[in-house]
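Shown next, in structure tokens, is the structure this report addresses.
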Amino acid sequence: MIVARVRHATTFYGEGQIYCIQTDNISIIRPINFVGKRLKKNSFQVCDLFPFSLRISFMIKINLLTLPLLFAFIAFANAQAQKKPDRINPMAPIEEVEGLPNVLIIGDSISIGYTLPTRALLKGKVNLHRIPTNGGPTTKGLAEIEKWLGTRKWDLIHFNWGLHDLKYMGPKGENLYPKEKGGKAQVSLADYEKNLHELVRRMKKSAKKLVWRNTTPVPPGSKGRYVGDSIKFNEAAARVMKKHGVPTFDLFTPSKKNMKDWMRKANVHYHAHGSQALAELAATDILNRL
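For the working numbering, count along the sequence shown from 1 and bump the result up by 815.
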């Protein structure tokens, strides 16, 4: 009999059956048909007990009658493993504190990454909301902006679109498709500028103040995105913001300066400490705008 590691369960390959123990819940034990290669009678190998903190790898001979002891051991080891704290969803609704200004973040995964640390820095000072999704390209913004804004008057909206507009897509909708093979920007530069005009016009009706957070840089080698495109899209956005009198919160410049430290290699996303650095800048900017 062999105990083999899979992602979410420990599976016992036995004589004629497989006994599956879900490691997240030891009480679930079910037999299913056995189709694997059988080892020596009454012997098995414990390769790994995943996801226990105690990792075991040894050979042992055992009679099938002693399996309950093994199950008890597994249960004990699982109980000793430290439970990971539940991860807070940055896009989940918050519980507002009455009397505090209400700020809304609209943006993609970059802002998702700094939402929680920014919220922590502004605790007791601001009710920091964000849209309940990745803001995607401006086309998604146009389709969903009414739902995101709701009926309230926001004290401040911090917003960005860009990285999903400038990313390249394939002829059949393939994501992050190289332009060398015929990929095209998901939203053209001209359409991006036009869409931003419409979005700013709409948001101004629902907010006392708007702040444009410019698009962060594309590191060399990033899949489906190209160095320098953020600059082109930021220039288009700057024309829109100038026309509408919307100030800019610049995250491009510090991100470019600290790219090797803050950002992942060949990836537009940030390390945790990079997102923390963005959060500190965002929190300061928000407080200064209110």
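All residues carry an ideal CB built from backbone N, CA and C; glycine is no exception.
In the assembly as shown, Ile920 is a buried residue. Its beta-carbon has 16 or more other beta-carbons within 10 Å.
Inter-residue distance for Ala887 and Arg902 is about 29 angstroms (C-alpha atoms, whole angstroms). The shortest C-alpha to C-alpha distance from Ala958 to any of Lys968, Glu989, Glu1013 is the one to Glu1013.
Rounded to the nearest whole angstrom, the C-alpha separation of Pro947 and Glu911 is 16 angstroms. The Cβ atoms of Leu1105 and Asp970 lie closer than 8 angstroms to each other. Taking 8 angstroms as the cut-off, the beta carbon of Val1083 is found no closer than this to the beta carbon of Val1002. With a cut-off of 8 angstroms on Cβ pairs, the region 967-984 is in contact with the region 1009-1028, counting three or more such pairs. Under the 10 Å beta carbon count, Ile909 is surrounded by fewer than 16 other beta carbons and is classified as exposed. The region 1082-1099 makes contact with the region 927-940; the number of CB pairs closer than 8 angstroms reaches 3 or more.
With a cutoff of 8 angstroms on beta-carbon distance, Lys982 and Arg1040 are scored as near each other. Note on geometry: alpha-carbon atoms of Tyr1085 and Lys1009 lie some 29 angstroms from one another. A direct Cα-to-Cα measurement between Gly939 and Val1026 gives close to 21 angstroms.
In this structure, the straight-line span from the alpha carbon of Lys1057 to that of Ala1051 is close to 10 angstroms. Bridge partners of His973 according to DSSP: Ile920, Val1026. In chain order, Pro1034, Gly1036 place their CB closer than 8 angstroms to the CB of Lys1080, counting only its own chain and leaving out the 5 sequence neighbours on each side. Ile927 and Thr1030 have their C-alpha atoms roughly 14 angstroms apart.
One Cα belongs to Pro952, the other to Ala1087, and the distance between them is close to 24 angstroms. A residue is called buried once 16 or more other Cβ atoms fall within 10 Å of its Cβ, and Asp980 is buried on that count. Spanning the alpha carbons of Pro905 and Leu937 requires a straight line of approximately 14 angstroms. Ser1045 sits close to Phe1067, with the two beta carbons spaced by under 8 angstroms. For Asn942, the enclosing beta strand (DSSP E) starts and ends at 942-945. Only exposed fits Asn990, as fewer than 16 other CB atoms lie within 10 angstroms of its CB. Within the same chain, Ile921, Gly922, Asp923, Gly956, Trp976 come within 7 angstroms of Gly950 by CB-CB distance, once the 5 residues on both sides are set aside. For Ile903, no alpha helix (DSSP H) segment is defined, and its DSSP state is neither H nor E.
DSSP, read as helix, strand or coil, puts Ala1000 in strand. If you check the CB distance, Val918 and His973 come in under 8 angstroms.
If you look at His1059, you'll find it in the alpha helix (DSSP H) that goes 1044-1059.
Nearest to Met1018 by alpha-carbon distance, out of Pro986, Leu964, Leu1004, Lys1071, is Leu964. In the structure shown, Tyr1041 falls within a coil segment according to DSSP collapsed to helix, strand and coil. Straight-line spacing of the CA atoms in Val1042 and Phe1048 works out to 12 angstroms.
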